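Residue numbering for the sequence shown follows this note's numbering, beginning at 274 and increasing consecutively.
All residues carry an ideal CB built from backbone N, CA and C; glycine is no exception.
This one's a predicted model, so the numbers in the text were calculated from it and none came from an experiment.
The block underneath contains the structure these notes are about, expressed in structure tokens.
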Amino acid sequence: MKKDLTNVQPVFPMPVLVIAAYDAKGTVQTMNAAWGQICDYDKIALFLAEDHATTKAILESRAFTVALADRTHMAEADYVGIVSGNKVADKFARSGFTATKSARVNAPVIDQLPVAMECELAEVAQTKTLYAIVGTIVNTLADEAVLAENGKVDPAKLDAIAFDQFQNGYYAMGEKVGQAWNAGSALAKAALGK
Ligand SMILES: Cc1cc2nc3c(=O)[nH]c(=O)nc-3n(C[C@H](O)[C@H](O)[C@H](O)COP(=O)(O)O)c2cc1C
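Structural data, given as structure tokens:
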């Protein structure tokens, strides 16, 4: 028997993204964002509150990075989602993260997180129901330690965490249970008469 859960946000898993941008003073502003997703082959959409210090920094510098939080840096990633740079001037310095300026975009790359997208601000999409920061992903950086032999990121090595909006938990991701475009191939073949 299914129960009505009414007003919840029942998509799981949600990513744990660490967004970073330089503000007008050149200070690193950073925040945790779960409401973000790839929305085209080279685009990412982030649903950020307009008054966050990081959102303002993105609008000022027109660039940002998006890193994937891993299990090792869960506390740091959570901290940047609790404290605001609007209230704590040295928020980033206190985070335990350090950053290096991206070679491609005017934004900081967090040194400790293994995968980061370097983005230019493409558009601020604003409608009656939506406020989205859309970035063009110029490049993605990955630590060698998280790469598989084929040169692509190995999710098992990445050890990324996901956010659960039912219970506000963080979950480790990394157990492979199947191959996409393959797990359903027997059903697809039968349906297509092959
Ligand atoms: C798990 C988690 C997910 C979050 N997801 C978002 C999000 O998707 N969008 C958003 O605007 N704020 C989100 N937040 C809240 C911001 O990270 C938080 O308000 C932060 O302090 C903003 O920092 P800033 O003002 O220094 O930019 C999230 C926080 C946590 C802990």
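Quick check: is any heavy atom of ligand 1 less than 6 Å from the C-beta of residue 321?
Walking along the sequence shown from the start, residue 321 turns up at place 48. Result yes, Cβ under 6 Å from ligand 1.
At a cut-off of 6 Å, would you count residue 346 as near ligand 1, judging by its Cβ distance to the nearest heavy atom?
The residue labelled residue 346 in the question sits at position 73 within the sequence shown. Of the heavy atoms belonging to ligand 1, none sits nearer than 6 Å to the Cβ of residue 346.
Distance CB(residue 292)-CB(residue 345) smaller than 7 Å
Along the sequence shown, one-based indexing puts residue 292 at 19. Along the sequence shown, one-based indexing puts residue 345 at 72. It is not a contact, given that the beta carbons lie outside the stated cut-off.
Quick one: what does DSSP say residue 384 is sitting in, helix, strand or coil?
Translated into positions along the sequence shown, residue 384 becomes position 111. DSSP places residue 384 in coil when its eight states are reduced to three.
CB-CB under 7 Å to residue 445, same chain, minus the five flanking residues each way: which ones, in chain order?
Position 172 of the sequence shown, counted from the start, is the residue given in the question as residue 445. Within the same chain, residue 445 has close Cβ partners 344, 432, 434.
So for residue 286, helix, strand or coil by DSSP?
Position 13 of the sequence shown holds residue 286. Here residue 286 sits in coil by DSSP.
With a CB to CB cut of under 6 Å and the five nearest residues on each side skipped, what residues in its chain are close to residue 412?
As a working note, residue 412 is residue 139 in the sequence shown. Answer for residue 412: 377, 391, listed in chain order.
Does the distance between the C-beta of residue 326 and the nearest non-hydrogen atom of ligand 1 fall short of 6 Å?
Taking the first residue of the sequence shown as position 1, residue 326 is located at position 53. Yes - ligand 1 has a heavy atom lying nearer than 6 Å to the Cβ of residue 326.
Look at the Cβ atom of residue 372, then the Cβ atom of residue 355, and state whether they are nearer than 7 Å.
Along the sequence shown, one-based indexing puts residue 372 at 99. Along the sequence shown, one-based indexing puts residue 355 at 82. Not in contact: residue 372 and residue 355 (Cβ atoms no closer than 7 Å).
Residue ranges of each beta strand (DSSP E) run of no fewer than 3 residues wholly in the stretch 328-410, ordered along the chain?
336-341, 372-374, 381-383, 388-399
Would the C-beta of residue 334 count as close to ligand 3, meaning under 6 Å from any of its heavy atoms?
Looking at this structure, you won't find ligand 3 anywhere; what it does contain is ligand 1.
Quick one: residues in its chain with C-beta nearer than 7 Å to the C-beta of residue 393, no 5 flanking neighbours on either side, listed in chain order?
Numbered from 1 along the sequence shown, position 120 holds the residue referred to as residue 393. 335, 336, 378, 408, 409, 411.
Looking at residue 415 and residue 397, is the spacing between their C-beta atoms short of 7 Å?
Within the sequence shown, residue 397 is the residue found at index 124, counting from 1. Within the sequence shown, residue 415 is the residue found at index 142, counting from 1. It is not a contact, given that the beta carbons lie outside the stated cut-off.
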